[in-house]
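Protein chains in written order, with the numbering used here: chain R, 9 to 344; chain U, 9 to 344.
Working notes, structure below.
Number of protein chains: 2
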Amino acid sequence: MRSAGLLAWLCLAAPALAQPITLDRFGSFHVGGRQVEISGKPVIEYLPTVGGAPLRIDPNGTYVVGGMYAQFMVPAPMRGQVPLMLWHGAYLTGVTYETTPDGREGWLHFFLRRGWATYVTDAVERGRSGTAMSPDIFSPPVFLPSFNPWERFRIGDGAGSFARGTTLPGNQFPTDRESYTAFMRQVVPRYLNTDEDVIAAYIALLERVGPSAVVAHSQGGAFAWQVAQRRPDLFRALVLVEPAGTGVETDAAKLKDIPQLLIYGDYVDADPRWSVIRRNARRFSDAIRAAGGQVEDVDLPSRGIRGNSHMIMMDRNGDETAQLIQDWLAGRGLWR
Amino acid sequence: MRSAGLLAWLCLAAPALAQPITLDRFGSFHVGGRQVEISGKPVIEYLPTVGGAPLRIDPNGTYVVGGMYAQFMVPAPMRGQVPLMLWHGAYLTGVTYETTPDGREGWLHFFLRRGWATYVTDAVERGRSGTAMSPDIFSPPVFLPSFNPWERFRIGDGAGSFARGTTLPGNQFPTDRESYTAFMRQVVPRYLNTDEDVIAAYIALLERVGPSAVVAHSQGGAFAWQVAQRRPDLFRALVLVEPAGTGVETDAAKLKDIPQLLIYGDYVDADPRWSVIRRNARRFSDAIRAAGGQVEDVDLPSRGIRGNSHMIMMDRNGDETAQLIQDWLAGRGLWR
Chain R
9 MRSAGLLAWL CLAAPALAQP ITLDRFGSFH VGGRQVEISG KPVIEYLPTV GGAPLRIDPN
69 GTYVVGGMYA QFMVPAPMRG QVPLMLWHGA YLTGVTYETT PDGREGWLHF FLRRGWATYV
129 TDAVERGRSG TAMSPDIFSP PVFLPSFNPW ERFRIGDGAG SFARGTTLPG NQFPTDRESY
189 TAFMRQVVPR YLNTDEDVIA AYIALLERVG PSAVVAHSQG GAFAWQVAQR RPDLFRALVL
249 VEPAGTGVET DAAKLKDIPQ LLIYGDYVDA DPRWSVIRRN ARRFSDAIRA AGGQVEDVDL
309 PSRGIRGNSH MIMMDRNGDE TAQLIQDWLA GRGLWR
Chain U
9 MRSAGLLAWL CLAAPALAQP ITLDRFGSFH VGGRQVEISG KPVIEYLPTV GGAPLRIDPN
69 GTYVVGGMYA QFMVPAPMRG QVPLMLWHGA YLTGVTYETT PDGREGWLHF FLRRGWATYV
129 TDAVERGRSG TAMSPDIFSP PVFLPSFNPW ERFRIGDGAG SFARGTTLPG NQFPTDRESY
189 TAFMRQVVPR YLNTDEDVIA AYIALLERVG PSAVVAHSQG GAFAWQVAQR RPDLFRALVL
249 VEPAGTGVET DAAKLKDIPQ LLIYGDYVDA DPRWSVIRRN ARRFSDAIRA AGGQVEDVDL
309 PSRGIRGNSH MIMMDRNGDE TAQLIQDWLA GRGLWR
């Protein structure tokens, strides 16, 4: 009786749960990048491993830097009318959209189950895109210690909360020790002079795949706006999930023909930094609207979706926001 | 008539070509790692992006380093009797087993299509496993310029061949400019003091997933032998594809109960470095056999599989070697 009830509840709550996913095709590729010459470096010699043979690496020569990795999955049946891009934020990779740190299905699964051809990328400088010599090509990287996302991504209740182990009331991020450690294992360093490479690679990606609906998180949101200002023809819709910045305000009119959805989670106004970021995003949205564009501005708590950290797609109620995005995309005629 | 003939040929040559793949489940997780304290570093301040808010990163604190990323795909129907691990080599990531640089399906597809639950990892220090502060935690990284794999992985015909654009006769690696650039975009830096972290993470992976058949390439092969010496209970079979090193020879007996398949491609004996590496691997295999173990030693050219570079899984005839591995695994009762 109890397990039958549980099963019924599960089926209602997540109709697709535990159903297989059929992929018409899947795979990966790299796009973009440029060639850089390195010279004047000493040769490196080492014995790679027990039973190996000594290795002599001359690091001087031509490098391909600024390329970007994309993994695609095309489900059958397909219901999305355009490809769906999932772009991650700073210090992160495409893993953002895969299984959550506490082992639930991520937004990648959510959108695949609804028939979207998905493209998950690792932005330039990180993950499977690789990186480049520093400081020769990329600036020295910045690393995030464990307390930083806890306190900066609106999981904990402010400075010192990681050490205290305290969270914002009703917080939905999986904060048990094992899940948070799993999240920190996903965190990668950030280089500070790669913006132009990242933008160029996103353009190369969209040129290869074709006009798409783009869901972009945090730093990825700022990049998405900037990419869209250069190549509005490559965007059919743009969903900005807590963008950490904006496009260029004087070029706001370039975005007037792209339907845009702007989403922020909970605790934003009480946070000294996120409140500024959202204010900037709203001012930028106003500039787009003033030029004749459409930006729908969603404050999740005012829709009854509460407790969200900056990592909405990993929060326990993350699928509520995914559903909101799904409904909005369908409402734009991009899903049938 | 012509296209019907072509279709028939395609169906015979690759029965599974263009068939959808059904996944019972898929996703990713990180395993392993350890905590490290960093102190005494200056705070970093920067403006992340247009429309953002200034950021102040205190890099001092606790880091989780040495974790490892794994992406799993469990097909339906499943015919593999144990999970299948695909471990990559040095300066590379799990992308090794995905789509080839010239856009063909990779060994990941090959084994999924035959019903293996697959686990593709990015070893510690690279890809979606992230990295750690250098030189504080990991040694300074080594980068490979474009000429290096061309000349070292038995694609080109020796020193200077990248500049000349020449290859070994009958070489099977996709060497057109676009494909080779796609391959170089996959290349990531290598840190030289991470071996113990890598071994610990592979053990954590196998402890989580359970006893597996492991296919390991190059540096991954040396790691696989070393991991298996520490935890032989976690291996049901071990396929070493051009291992770049061995295990510890005095502990060879620890591998006596694991069926092992050792594979090297073409042009090995003529290469001053690979000939040494294979000689070491054969001596190590002899030590395993002397202890009562079984290592089947396959020289691909002597089986009529010719022209293979070090990157056999990317070579145009890569599926012939995948089929050889498949048949060998089936012969060990691990596939039905």
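Yeah, the Cβ is synthetic: ideal placement off N, Cα and C, and Gly gets one too.
Coarse secondary structure for residue 11 of chain U, derived from DSSP in three states: Any reading at residue 11 of chain U needs caution, since the residue's pLDDT is 45, under 50, leaving its predicted position unreliable; the model's value is listed next. Note: residue 11 of chain U maps to helix in three-state DSSP.
Cut-off 7 angstroms between Cβ atoms - residues of its own chain near residue 217 of chain R, not counting five sequence neighbours on either side: The answer, listed in chain order, is 91, 127.
Proximal residues, the stretch 239-266 of chain R versus chain U, C-beta separation under 9 angstroms: 251, 252, 253, 254, 255, 256, 257
DSSP bridge partner residues for residue 309 of chain R (one or two, in chain order): Its beta-bridge partners do not exist; DSSP assigns none.
Proximity below 8 angstroms, CB of residue 190 of chain U to CB of residue 109 of chain U: Yes, these two residues count as a Cβ contact at 8 angstroms.
Rounded C-alpha distance that separates residue 72 of chain R from residue 197 of chain U: 12 angstroms
Interface partners of residue 341 of chain R on chain U, CB under 9 angstroms: The premise fails here: residue 341 of chain R is roughly 26 angstroms from chain U at the closest Cβ pair, so nothing lies under 9 angstroms.
Chain U residues whose Cβ lies nearer than 8 angstroms to that of residue 159 of chain R: The contacting residues do not exist; residue 159 of chain R stays about 10 angstroms from chain U at best.
Local conformation of residue 304 of chain R per DSSP, three classes: strand
Length of the line joining the Cα atoms of residue 64 of chain U and residue 162 of chain R: When rounded, the distance between both Cα atoms is 16 angstroms.
7 angstroms Cβ cut-off: residues of chain R touching residue 32 of chain U: 28
Any C-beta of chain R under 8 angstroms from that of residue 125 of chain U: Chain R has no Cβ within less than 8 angstroms of the Cβ of residue 125 of chain U.
Proximity test, Cβ basis, 8 angstroms: residue 122 of chain U and chain R: No, its Cβ sits nowhere closer than 8 angstroms to a Cβ of chain R.
Closest by C-alpha distance to residue 134 of chain U, when choosing among U/272, U/120, U/122, U/150: The candidate whose alpha carbon is nearest that of residue 134 of chain U is U/150.
Status (buried if at least 16 other CB within 10 Å, exposed otherwise) for residue 47 of chain R: exposed
Cross-strand partners of residue 127 of chain R (DSSP beta bridge): R/80, R/93
Where residue 249 of chain R falls: helix, strand or coil (DSSP): strand
CB contact check: residue 324 of chain R to chain U, cutoff 8 angstroms: no
Beta carbon proximity, residue 281 of chain U to chain R, threshold 8 angstroms: For residue 281 of chain U, the answer is yes, since a Cβ of chain R falls inside 8 angstroms of its Cβ.
Residues that residue 38 of chain R contacts on chain U, provided the C-beta gap is smaller than 7 angstroms: 190, 193, 194
Interface residues of chain R facing residue 42 of chain U [CB-CB closer than 9 angstroms]: Neighbours of residue 42 of chain U on chain R: none; closest Cβ ~11 angstroms, over 9 angstroms.
Same chain, Cβ closer than 7 angstroms to residue 123 of chain R, neighbours up to 5 away in sequence not counted: Correct list, in chain order: 83, 85, 86, 87, 88.
Host beta strand (DSSP E) of residue 318 of chain R (start-end): Per DSSP, residue 318 of chain R belongs to no beta strand (DSSP E) and is neither H nor E.
Under the three-state DSSP convention, the category residue 137 of chain R falls into: coil
Completely contained alpha helix (DSSP H) runs for the stretch 219-285 of chain U, where each covers 4 or more residues: With a minimum length of 4 residues, the continuous alpha helix (DSSP H) runs that stay inside the stretch 219-285 of chain U are 227-238.
Residue environment, residue 206 of chain R, which counts as buried when at least 16 other CB atoms sit within 10 Å: buried
8 angstroms Cβ cutoff, residue 332 of chain R in contact with chain U: no
Cα-Cα separation, residue 138 of chain U to residue 192 of chain U: 19 angstroms
For residue 169 of chain U, the first and last residue of its enclosing alpha helix (DSSP H): It spans 169-172 - the alpha helix (DSSP H) in which residue 169 of chain U sits, taken as one unbroken run.
Counted within 10 angstroms of its Cβ, other Cβ atoms place residue 310 of chain U as buried (16 or more) or exposed: By the 16-neighbour rule on beta-carbons within 10 angstroms, residue 310 of chain U is exposed.
Run of the beta strand (DSSP E) containing residue 36 of chain U, from where it starts to where it stops: Unbroken beta strand (DSSP E) run through residue 36 of chain U: 29-46.
Neighbourhood of residue 97 of chain R by C-beta distance below 6 angstroms, restricted to the same chain and skipping five residues each side: 225, 226, 227, 228
Residue 106 of chain R (DSSP reduced to helix, strand or coil): coil
Top-ranked residue by Cα proximity to residue 211 of chain R, from R/145, R/132, R/332: R/132
Segment limits, beta strand (DSSP E) that includes residue 63 of chain U: 63-65
Supposed close pair residue 271 of chain U, residue 249 of chain U - CB separation, criterion 8 angstroms: 5 angstroms
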